[in-house]
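Everything in the sequence shown is counted per our numbering, starting at 40 for the first residue and increasing by one.
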Amino acid sequence: KEVTNDMKAQEDALVHENVALADYVITTALIPGRPAPLLVNKDMVSSMKPGSVIIDMAAEMGGNCELTKPGETIISNDVIISGPINLPSQIPNHASQMLSANIISLLKHFIPSTELIIDLEDEITQQTCTSHEGINLLENLLNATKDLKVSNNE
40 KEVTNDMKAQ EDALVHENVA LADYVITTAL IPGRPAPLLV NKDMVSSMKP GSVIIDMAAE
100 MGGNCELTKP GETIISNDVI ISGPINLPSQ IPNHASQMLS ANIISLLKHF IPSTELIIDL
160 EDEITQQTCT SHEGINLLEN LLNATKDLKV SNNE
């Protein structure tokens, strides 16, 4: 439902007041099939402290900040405004890179040159190896975690 001009003015005043106090602002508002609604105008940006940051996650659809330039990071009035695009494609990429780097580090630990080395006295091996030569080592892991408390955040 569209808001009235009076409601929009009240909303703008409230947003302006809070944006002026913020060190960072992250905007995410999108309306399916329409341009992103304008939430932060240039007057609001100029009221922000120098060094403040705006991350406009709606940049691809025009942005929630009037000064956003999709796909660019700019500085206006000493405020950094970032307008990243295609954000969903960035998340799996970074997660995959991080997982790959962790796996490579673990493999390099077990294979420092050309031969697999399993040192059961090594702390990393003890924490990651669940069985060796038919012996169940999972008991060590279970013992290490038996005192952990699990909370149900309901």
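All residues carry an ideal CB built from backbone N, CA and C; glycine is no exception.
CB-CB under 7 Å to residue i, same chain, minus the five flanking residues each way: which ones, in chain order?
i: K68; result: Here the sequence assigns Ala to residue 68, which means Lys is not the residue at that position. Around A68: A75, P76, L78, A97 and N103.
i: T19; result: In the structure as shown, the chain begins at 40 and stops at 193. Residue 19 is therefore absent and cannot be evaluated.
Looking at the secondary structure, which residues open and close the beta strand (DSSP E) in which residue i lies?
i: I93; result: V92 to D95
Please return the same chain residues whose Cβ sits closer than 8 Å to the Cβ of residue i, not counting the five positions on each side in sequence.
i: P131; result: none
i: I150; result: I156
Run the CB neighbour count on residue i, radius 10 Å, all protein chains shown included, and call it buried at 16 or more, exposed below.
i: L146; result: exposed
i: S128; result: exposed
i: V64; result: buried
i: T43; result: exposed
i: S135; result: exposed
Just to confirm my understanding: we take residue i, look at its own chain, exclude 5 residues before and 5 after, and list those with CB closer than 6 Å. What are they?
i: M83; result: H55 and V58
i: T112; result: S121
So the alpha helix (DSSP H) residue i belongs to, where does it begin and stop?
i: V54; result: N44 to L60
i: E162; result: E162 to T167
Report the residue ranges of all beta strand (DSSP E) runs contained in full by the region 114 to 140; include only those spanning at least 3 residues, in chain order. 118 to 121
Count the CB pairs spanning the region 85 to 96 and the region 115 to 125 that are closer than 8 Å, and state whether there are at least three. yes
Which whole runs of the beta strand (DSSP E) in the region 64 to 107 are 3 residues long or more, in chain order? 92 to 95
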